[in-house]
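This report concerns only the one structure given below.
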Amino acid sequence: MFNPPNPKKFFATVWNIVEQIPEGKVSTYGQIATMIPASDGTDPDQMKRLAPRWVGTAMRKTPKGQNIPWHRVINSQGKVSFPEGSPQAEEQYRLLEMEGVEFDNKGKVDFDIVGWEGPNYEYLESNDLFPPKPFT
DNA sequence: CGTTTGACTACGC
DNA sequence: CGCGTAGCCAAAC
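Going by our numbering, the final residue of the first sequence carries number 167, and the count climbs one at a time with no gaps.
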């Protein structure tokens, strides 16, 4: 079963990845989760189900004042994961629309248009940002 | 210190 | 499409 061997590092890795989502693009909790290698040999199918929760947990703890584009992370359905109408949801929609992300009449984005391709692994590795390196 | 609570997702109906 | 469920545990109460 997947669980972060070291939650602190796992969270930091999530933030590292989120920081690289460019303006006008979005990623999902699950997508980000799959970018982080399971260090405990967890079955990939289990990863799909369990890891996203941890990404969500990481996002909940996103440090403020570090310019982390938290709003560019949405759920696999292409919608923001806050209750519709909540201040946080409104804020997230606002921030995204401000950078050109469009939502259809159901509040969904088109991943074909604004989906993020993923992080630059070579860049991450060359800067020792990946595997997990905690903020200090 | 015990209980509740999540910024999730795939899958089955 | 929508709705319910399992899987799972660090934090926040």
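For glycine and all other residues, C-beta sits at the position ideal for the given N, C-alpha and C. Predicted, not measured: the structure shown is a model, and the values here were computed from it.
Cβ separation of residue i and residue j, assumed to be a contact under 8 angstroms, to the nearest whole Å
i: Val140; j: Gly109; result: 5 angstroms
i: Trp147; j: Val45; result: Actually they are not in contact, since the Cβ atoms of Trp147 and Val45 sit about 14 angstroms apart, beyond 8 angstroms.
i: Pro100; j: Val145; result: The pair is not a contact, with the Cβ atoms about 13 angstroms apart (cut-off 8 angstroms).
i: Glu130; j: Glu54; result: 5 angstroms
i: Met90; j: Val104; result: 6 angstroms
Extent of the continuous alpha helix (DSSP H) run through residue i
i: Phe142; result: 142-145
i: Glu122; result: 118-129
Cutoff 7 angstroms; reference residue i; Cβ partners in own chain excluding five residues on either side
i: Trp102; result: One point to set straight first is that residue 102 is His, not Trp, in the sequence displayed. Excluding sequence neighbours, His102 sits near Gln123, Leu126, Leu127.
i: Val86; result: Val45, Tyr60, Ile63, Ala64
i: Lys92; result: Phe42
Nonlocal neighbours in the same chain, by C-beta distance under 6 angstroms from residue i, ignoring five residues either side
i: Pro83; result: Tyr60, Gly61, Ala64
DSSP state of residue i mapped onto helix, strand, coil
i: Leu155; result: Confidence is the limiting factor: at Leu155 the pLDDT is only 49, short of 50, which leaves the residue's position unreliable, though a coordinate-based value still follows. Correct three-state label for Leu155: helix.
Going along the chain, which unbroken runs of the alpha helix (DSSP H) with 4 or more residues stay wholly within the stretch 36-116?
38-49, 60-66, 75-91
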